[in-house]
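One structure is given here, and the rest of the page talks about it.
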């Protein structure tokens, strides 16, 4: 995957979803597939009623397929087993949360198998992961624009940035989030009510504080 912050995370997930769904049509259209959907609906109903054994059965039947789906959805990151396990746990939490409210939305009249339904939840989790990664990389780029002298740090960039923002005054923090952590071109913003002098002064003050924060 490219290091650019402009990668198409939505397109990546949607393409992976198409690959995963290639064999789904035949399974659903067959009589055996329709009977399987009815069995799956009964299992779902048992889960929603709170039967622990039903949840265990659901997990045993669909967890392996969920892991495979996430490996495909994550692309090059699919080889990271820890990440796959983490996102799989998020999928199961989403299904179990609120007494299985989300799982209860599975409806056989829609013509989709239960593994497709669970895969849809996994798709949403993967998409949110990519969006989070995209925002994180943008914040790192914005922090680099502030200038930390190119020093390496063992700390989590998000933690360091949050800690630094905590050292700023309310007005400085608002300026940093609005101007320095935003990637949009402020010169094209007709609603910008700050003068160039004000922007220069805030930027200089924050650069000084940033240098002090990193021990320069």
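In my numbering, the protein residues as written are 2 to 217. All C-beta atoms in this analysis are idealised placements derived from N, C-alpha and C, irrespective of residue type, glycine included. Note that the structure is a prediction, hence the values are computed from the model and not measured.
Would you kindly work out how many angstroms separate the C-alpha atoms of residue i and residue j, rounded to a whole number?
{"i": "residue 78", "j": "residue 93", "result": "20 Å"}
{"i": "residue 66", "j": "residue 74", "result": "12 Å"}
{"i": "residue 203", "j": "residue 89", "result": "44 Å"}
{"i": "residue 53", "j": "residue 132", "result": "34 Å"}
{"i": "residue 69", "j": "residue 76", "result": "11 Å"}
{"i": "residue 178", "j": "residue 126", "result": "27 Å"}
{"i": "residue 166", "j": "residue 213", "result": "13 Å"}
{"i": "residue 35", "j": "residue 107", "result": "14 Å"}
{"i": "residue 62", "j": "residue 118", "result": "14 Å"}
{"i": "residue 138", "j": "residue 83", "result": "20 Å"}
{"i": "residue 170", "j": "residue 135", "result": "27 Å"}
{"i": "residue 87", "j": "residue 200", "result": "42 Å"}
{"i": "residue 98", "j": "residue 32", "result": "33 Å"}
{"i": "residue 130", "j": "residue 81", "result": "14 Å"}
Taking the CB atoms as reference points, tell me whether residue i and residue j lie closer together than 7 Å.
{"i": "residue 85", "j": "residue 71", "result": "yes"}
{"i": "residue 207", "j": "residue 164", "result": "no"}
{"i": "residue 55", "j": "residue 47", "result": "yes"}
Can you tell me which of the options puts its alpha carbon nearest to the alpha carbon of residue i?
{"i": "residue 1", "options": "140, 179, 173, 101", "result": "This structure leaves residue 1 out entirely; the chain is present only between 2 and 217."}
{"i": "residue 96", "options": "137, 59, 198, 207", "result": "59"}
{"i": "residue 101", "options": "44, 62, 130", "result": "44"}
{"i": "residue 116", "options": "127, 145, 64, 52", "result": "64"}
{"i": "residue 109", "options": "39, 126, 210, 200", "result": "39"}
{"i": "residue 51", "options": "62, 137, 104, 138", "result": "104"}
With a threshold of 6 Å on Cβ separation, who are the neighbours of residue i within its own chain once the five nearest residues in sequence on each side are excluded?
{"i": "residue 122", "result": "92, 95"}
{"i": "residue 176", "result": "203"}
Could you round the C-beta distance between residue i and residue j to whole angstroms and report it? I think they count as a contact, below 8 Å.
{"i": "residue 168", "j": "residue 210", "result": "6 Å"}
{"i": "residue 57", "j": "residue 114", "result": "With 8 Å as the limit, residue 57 and residue 114 do not qualify as a contact, their Cβ atoms being about 20 Å apart."}
Does any residue of chain B have a CB that is nearer than 7 Å to the CB of residue i?
{"i": "residue 42", "result": "Reference to chain B is not applicable here, since this structure consists of a single protein chain."}
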